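In UniProt numbering, the protein residues as written are 1 to 382.
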């Protein structure tokens, strides 16, 4: 199973990572701390200037920066909430982490890695798409079913987890068509998360309390503890200090869809989803055509689509991690390691099921492509 957040970035050379102090909430999450302790002179961080540029992006802007999942959203900040989806055929295994499995296919069809994405997922008898856009420091995601080829009962689950010791979910309400929670996010203030399913059979939910920094590696097991023998949540009333929401929609109708919208109340209203999504998709495809001009007279259309999808899978896989590097050095014994950090990492991981974590020489190859499409984004991947 992929490493949880915070992570031990054991494969990463220290010079590729950005040092961070978690409690400080600023527009940039970088600092230059070095390990503290006796006899650690060999662990001093390089004084060479960083090759990357982390001043050109907003660390609180949402994106698909959880490439180790089939679909997950977060910002590029250590205290970012975590949003993710899971699904299953009723009674079957839950899909959550990207896995090498001949029964499931998934790929980004269109993604610029920054403002929108469209992913196709085909899992045995069900095919669906995950769509998302961001706006300021808010986002909307949509799940759309394309096809169901059996008469099975399916369940889509979503979770939203706050990741610090102060942020809390304060209220939860369900009107029969719209589910919403409101809360307070420590760095930025009040927020509202709304969930709008259509053509569903039933919904269930739980808003519960876990320790700060909810463990993402076991979130699936944690949420299942609040489900009954039928695999649905027990609609638990608001618990004090709730910091994680679990939501589930059961359906059989192939016209099922579900929207998730996170909005900081200080942000403008989130724009209409489909017009904004289609506008960004058209702009992305136009930019691709201009940058990688291929004469369609000689190249079949499907090859043009394949090239665009290859770029989308690279950009859509860009992810964010925060944690410590398990490092060693000449001033330590052969068996001794030191947790060096905390550190930030932004990396492309196009092999999401096989190697969903950053690797220095790999990112060099990735950026041969990324820099042609978006040089500013390439400077952030370091």
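Every residue, glycine too, gets a C-beta built ideally from N, C-alpha and C. All values derive from a computational prediction rather than experimental measurement.
In the DSSP assignment, residue 248 falls within the beta strand (DSSP E) that extends over 244-251.
Residue 250 counts as buried, since no fewer than 16 other beta carbons sit within 10 angstroms of its beta carbon. The three-state secondary structure of residue 181, taken from DSSP, is strand. When the five nearest sequence neighbours on each side are left out, the beta carbons in the same chain lying within less than 6 Å of the beta carbon of residue 350 are those of 313, 314, 317, in order along the chain. Pairing residue 259 with residue 136 gives a Cβ-Cβ distance that is not under 8 Å. DSSP places residue 219 in no beta strand (DSSP E) but in the uninterrupted alpha helix (DSSP H) bounded by 219-224. Spanning the alpha carbons of residue 94 and residue 354 requires a straight line of approximately 19 Å. The DSSP-derived three-state label of residue 129 is strand.
Its chain contains 288 as the residues whose beta carbon lies nearer than 6 Å to that of residue 308, once the 5 sequence neighbours on both sides are disregarded; these appear in chain order. DSSP, read as helix, strand or coil, puts residue 341 in strand.
As the crow flies, the alpha-carbon of residue 169 is around 7 Å from that of residue 241. The Cβ neighbour count for residue 150, taken over all protein chains shown within 10 Å, is under 16; the residue is labelled exposed. A distance below 8 Å separates the beta carbons of residue 256 and residue 198.
In the displayed model, residue 256 falls within coil according to three-state DSSP, outside both helix and strand. Listed in chain order, the non-local C-beta contacts of residue 189 below 8 Å within the same chain comprise 264, 265, 266, local neighbours out to five positions each way being set aside. Residue state for residue 310 is assigned as helix, using DSSP reduced to three classes. For the pair residue 377 and residue 111, the Cα-to-Cα distance works out to about 13 Å. Taking C-beta atoms as the reference points, residue 233 and residue 206 count as a pair closer than 8 Å.
Inter-residue distance for residue 381 and residue 319 is about 9 Å (C-alpha atoms, whole angstroms). The continuous alpha helix (DSSP H) containing residue 376 extends over residues 375-380. Under the DSSP assignment, residue 119 falls in the beta strand (DSSP E) whose first and last residues are 116-123. Using a Cβ distance threshold of 8 Å, residue 154 and residue 224 do not count as a contacting pair. Per the coordinates, the alpha-carbon of residue 291 lies some 33 Å from the alpha-carbon of residue 322. Here residue 130 is buried: its Cβ has 16 or more other Cβ atoms, across all protein chains shown, within 10 Å. Assignment of residue 149 by DSSP, reduced to helix, strand and coil, places it in the coil class. Residue range 154-161 is occupied by the beta strand (DSSP E) that includes residue 155, with no alpha helix (DSSP H) assigned at that position.
Annotation for residue 168: the continuous beta strand (DSSP E) segment containing it runs 168-174.
Taking the Cα positions, residue 369 is about 45 Å away from residue 201.
As computed with DSSP, residue 107 is found in a beta bridge with 120. As the crow flies, the alpha-carbon of residue 304 is around 10 Å from that of residue 293. Burial check for residue 372: the Cβ neighbour count within 10 Å stays below 16, so the residue is exposed. Within the same chain, 180 come within 6 Å of residue 173 by CB-CB distance, once the 5 residues on both sides are set aside.
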